[in-house]
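If you're matching positions, the sequence shown starts at 0 in numbering that gives the first Met the number 0 and goes up one per residue. Below you'll find the structure, written out as C-alpha cells, and then a few comments.
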Amino acid sequence: MKGKSLASLAATGTIAIVAALVGTVALALDTARMDSEVAGTLQEFYKLVPDQNQYLVQNAAAVLVFPDITKAGVGLGGEHGDGALQKKGKTVGYYSISGASIGLTLGVSHHSEVILFQTPEARDKFVNGSDWSVGADTSVAVMKKGAGGTYDAETLKKPVLVFVFGETGLMGDASLQGAKISKIKQ
C-alpha cells in the first residue's frame, strides 16, 4: 500500500512540476525569437523532402510549428516545448505542448514537430477546442523524421499530419501519446 501511495505522490509531484514549468515558460515567451525559430524549423522541414514538404505547408489551412520539444525522465517523465500557429505564413497564435508520463521512461531528448491542419474544419476544431492532444485524435497521421521520402496517398488524406524530426539525445520512450497542446495567453 505504501508503494502505491508513494508512486501516486511522485506522479502528482511530476505533474505539478511540469505545470509550473509550463506556466513559467509561457509568461516569458519571446515572440520575436519564437517567430525566428519557427522560420528556421520550417526551412529544416523543407530540406527533408524539398518539393513535397513545401507544397504541403503552402496548401495547409494552418501550420503549427514546435522548434524544440524537450522530453526527459527517469521512470517519471515530462515534455515541453513552445511554438507558433501560422495561417498563410503569418503567425496567428502561440502554443505550448506539454505532458507527463509514468512508466518506462529513461533519458533526455529533443525534437521538432510540424503539425499541418489540412482542412479548415481540422484547423477550426483545434483553434476552438481546448487542450488538444495529438494521440487522442484518430484523424491524425504521425510521421517520424519528416517522413524522409515520399508519402502514400492514404496518409495525405488525413485532416491532420504530424511530422517529428531532428531527434537528438537518447530517450527510451518517444511516444506522442498524452501530450497536450494549449494556447499561450498573452
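Positions of the beta carbon are idealized from the N, C-alpha and C atoms, including for glycine.
The beta carbons of SER111 and LEU169 sit no closer together than 9 Å. Burial state of GLY98 is buried, judged by a 10 Å Cβ sphere holding 16 or more other Cβ atoms. With respect to LEU155, LEU41 sits apart: the two C-beta atoms are not nearer than 9 Å. Within a 10 Å sphere around the beta-carbon of SER95 sit 16 or more other beta-carbons, which makes this residue buried. Relative to ASP67, the option among GLU43, GLN117, MET142, ALA121 whose CA is nearest is GLU43.
Across the structure, THR118 and GLY76 are spaced so that their CA atoms are roughly 33 Å apart. Between VAL141 and VAL163 a beta carbon distance of about 7 Å is seen, short of the 8 Å cut, so the two are scored as contacting.
When the alpha-carbon of ASN127 is set against those of TYR150, ALA152, GLY92, PHE65, the nearest one is in GLY92.
According to the DSSP secondary-structure assignment, ILE183 is paired through a beta bridge with no residue. The beta carbon of GLY80 lies closer than 6 Å to those of PHE65, ASP67, ILE68, ILE96 in the same chain, with the five residues before and after it left out.
As computed with DSSP, MET142 is found in a beta bridge with PHE162.
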